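See structure below.
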Amino acid sequence: MRVFLTGATGFIGSYLVPDLLGAGHEVRGLCRSDEAAEKLARAGGEPFRGDVNDLGRVRAGAEASDGVIHAAFNHDFAQIRQHSESDRKVIEALGEVLAGSKRPLIVTSGTGLVERSAAGGPVVETDAPPPSEKVPRAATEEAADAVFAKGVHVVVMRLPQVHDTRHQGRIAHHIRLAREKGRVAYIGDGQNRLPAVHVSDAVRLFRLALQQGRVGARYHAVAEEGVPLRDIADVIGAGLNLPVESITHEAAAGYFGMLAGLAGLDLAASSALTRQELPWTPTGPDLLTDLRQMDWAA
Ligand SMILES: NC(=O)c1ccc[n+]([C@@H]2O[C@H](COP(=O)([O-])OP(=O)(O)OC[C@H]3O[C@@H](n4cnc5c(N)ncnc54)[C@H](OP(=O)(O)O)[C@@H]3O)[C@@H](O)[C@H]2O)c1
């Protein structure tokens, strides 16, 4: 398959490119800089120059493809609403090209958009996120629903915390805060959880979704349903040689700042339905193992 990939030079894209090439696909990746284009070419992909917000270029990239994986996103969380609305436009533009064809479109979302399952347990694939007026990043799934209604073979990939020994997503902020404050905090008993997946497992699920995903499906790339924040704090404390302590919900804003709302949430998520539908069994290292193996001196 000739795959048009946005975000090809990001954390996940950098693992996705060799995985797709290894499975016999061709990869044309959207690159917004010379540096990104060189990086992708070195990895064996074909750079396609353009910014993801240049919808003409996005459409052109999709036109020449047999399928699209959209994994680009601007993670400047201070502007999350603006970037989420831009993502909506990108998905709509991709949808215009792919509507009426059987060419798959995989879009990337997060399990953390939904706090608890309607049934009260870990979030499941059929749980709908809140509206984007409330949670801006939900614009991505709203756009997926909109293009699905127009006949696009769209699949939503919801990611939990994706990790290797160098990238830890949200936990990188916990580590930065710990360094700044000279202590590692968690809220209450710290039994609230973060779901996780090793990046190698996540990209394998992207490929399966591209090759054999069900039209309109939501998949959860979840290997670990939930890792307690207390356990994560303990590993950070050991890595940085800092004390670890519980703080109250009231004190959370003073320590976590913009992350305070998130830090106390239990975001456990299940992938049972995904595993029933696709032949996916995670095999990568778990989150705490990768965290322990980080280069803490760096
Ligand atoms: N990592 C996680 O734990 C996690 C969890 C949940 C959801 N997700 C979602 O998974 C997707 C991939 O995440 P990631 O961790 O790989 O993110 P990342 O490392 O920040 O990579 C983002 C990618 O988007 C590209 N990009 C951003 N703005 C662009 C623009 N204006 N034009 C063209 N390309 C642009 C970047 O290009 P450059 O290479 O040029 O910078 C990069 O390739 C995102 O949708 C993210 O929200 C990730």
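Numbering (the numbering used here), first residue to last: 12 to 309. Even for Gly, the Cβ is constructed at its ideal location relative to N, Cα and C. All of these numbers come straight from a predicted model, not from anything done at the bench.
Mind checking whether the beta-carbon of Leu-299 lies closer than 8 Å to any heavy atom of ligand 1?
Not so, every heavy atom of ligand 1 lies at least 8 Å from the Cβ.
Hey, how far is the Cα of Tyr-230 from the Cα of Val-208?
Approximately 13 Å between the Cα atoms of the pair.
Nearest-angstrom Cα distance between Ile-102 and Ile-182?
Cα-Cα distance, rounded: 28 Å.
Would you check if the distance between the CB atom of Val-38 and the CB atom of Val-14 is smaller than 9 Å?
For Val-38 and Val-14, yes; Cβs fall inside 9 Å.
Excluding five sequence neighbours on each side, which residues of the same chain lie with their C-beta closer than 6 Å to the C-beta of Gly-227?
Only Phe-159 meet the Cβ criterion.
Could you compute how far the alpha carbon of Leu-270 sits from the alpha carbon of Ala-47?
Rounded to whole angstroms, the separation of the alpha carbons of Ala-47 and Leu-270 is 30 Å.
DSSP puts Val-14 in a beta bridge; with which residues?
According to DSSP, Val-14 bridges with Val-38 and Gly-78.
Residue span of the alpha helix (DSSP H) that contains Phe-159, given as start and end:
Phe-159: member of the alpha helix (DSSP H) spanning 150-160, first to last residue.
Please report the distance separating the alpha-carbon of Ala-308 from that of Ser-281.
So the alpha carbons of these two residues sit roughly 34 Å apart.
Since Pro-115 contacts Leu-205 with CB under 8 Å, what's their CB separation in whole angstroms?
Wrong, their Cβ atoms sit about 29 Å apart, outside the cutoff.
How big is the Cα-Cα spacing for Arg-190 and Ala-110?
Between the alpha carbons of Arg-190 and Ala-110 lies a distance of about 49 Å.
Who are the Cβ neighbours of Asp-277 in its own chain at under 6 Å, not counting the five residues just before and after it?
Within its own chain, the residues whose Cβ lies closer than 6 Å to the Cβ of Asp-277, once the five positions on either side in sequence are excluded, are Asn-203 and Arg-204, listed in chain order.
Could you tell me whether the stretch 92-107 touches the stretch 123-140, where touching means 3 or more Cβ pairs closer than 8 Å?
Judged by Cβ distances under 8 Å, the stretch 92-107 makes no contact with the stretch 123-140, as fewer than three pairs qualify.
State yes or no: is the C-beta of Gln-172 nearer than 8 Å to some heavy atom of ligand 1?
Closer than 8 Å to some heavy atom of ligand 1: that describes the Cβ of Gln-172.
Pick from Val-28, Leu-188 and Val-69: whose alpha carbon is nearest that of Ala-52?
Of the candidates Val-28, Leu-188 and Val-69, the residue whose Cα lies closest to the Cα of Ala-52 is Val-28.
Taking the continuous alpha helix (DSSP H) assigned at Gly-248, which residues delimit it?
Looking at the DSSP string, the run of the alpha helix (DSSP H) that includes Gly-248 is 240-251.
With a 10 Å radius around its C-beta and 16 neighbouring C-beta atoms as the bar for buried, classify Gln-179 as buried or exposed.
Result: buried.
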